[in-house]
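Written out below as structure tokens is the structure these notes cover.
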Amino acid sequence: MSATAGQAADGVRSLADRFGIEPGMVVMEMGYDDDVDQELRDALTDRCGELVDEDTDEVVDAVLVWYRDGDGDLFELLVDALGPLADNGVVWLLTPKAGRPGHVEPSDVSESAPTAGLQQTSTVNAGRDWSGARLVLRRGSKAKK
């Protein structure tokens, strides 16, 4: 098996690989603040180009949602993320790891995501302080367009 361009010679997957981001994808970012993981952002922009903000009129392939405890209603934020999302797109919910300021309890995600029409398919280490939950439209859910 050959390594992809995003993989290091030792076979370790890059951050962009772990997030499934490919060149040419449109990636929207929500919840940006000065505490986000800059290494992750750099890896993603190196792969796909600039991240678009939540005011975009484009249909997006992925949405990065930086969410901390106290950032407001998670359900409403996830519903907002679905607006520009392509039918086969993915939402990456990025939350501070346990013990970090703003940590979000996994139960908050497991309650809010299904209510918004999403299901969690996997999690990734998104940096020193952040975890990522991959959320996709549940089967039978229709994206609102």
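Using UniProt numbering, read the sequence shown as starting at 1 and increasing by one per residue. We treat Cβ as the ideally placed atom computed from N, Cα and C, and that holds for glycine. Computed from a prediction, not measured in an experiment: that's the story for all the values here.
Extent of the continuous alpha helix (DSSP H) to which residue i belongs
| i | result |
| --- | --- |
| S131 | Looking at the DSSP string, S131 is not in any alpha helix (DSSP H); the run it does join, the beta strand (DSSP E), is 130-137. |
| residue 152 | Past the edges of the chain, shown from 1 to 145, lies residue 152, and the structure says nothing about it. |
| D17 | 15-18 |
Close-in-space but distant-in-sequence residues of the same chain around residue i (CB under 8 Å, 5 per side omitted)
| i | result |
| --- | --- |
| V104 | Y67, R68, D69, L74, T95, P96 |
| V90 | G20, D61, A62, V63, R134, L135, V136 |
Endpoints, the beta strand (DSSP E) within which residue i is located
| i | result |
| --- | --- |
| E50 | Looking at the DSSP string, E50 is not in any beta strand (DSSP E), and its letter there is neither H nor E. |
| E29 | 27-30 |
Close-in-space but distant-in-sequence residues of the same chain around residue i (CB under 6 Å, 5 per side omitted)
| i | result |
| --- | --- |
| R139 | none |
| R100 | D129 |
Opposing strand residues paired with residue i [DSSP bridges]
| i | result |
| --- | --- |
| S122 | R134 |
Chain-order list of residues whose beta-carbon lies under 7 Å from that of residue i (same chain, five-residue window excluded)
| i | result |
| --- | --- |
| M25 | C48, D61, A62 |
| A43 | S14, L15, A16 |
Legend entry - Complete alpha helix (DSSP H) runs within the region 60-99 (minimum length 4 residues, chain order): 74-82
Legend entry - Contact between the region 132-139 and the region 114-122 (3+ Cβ pairs under 8 Å): Touching, yes.
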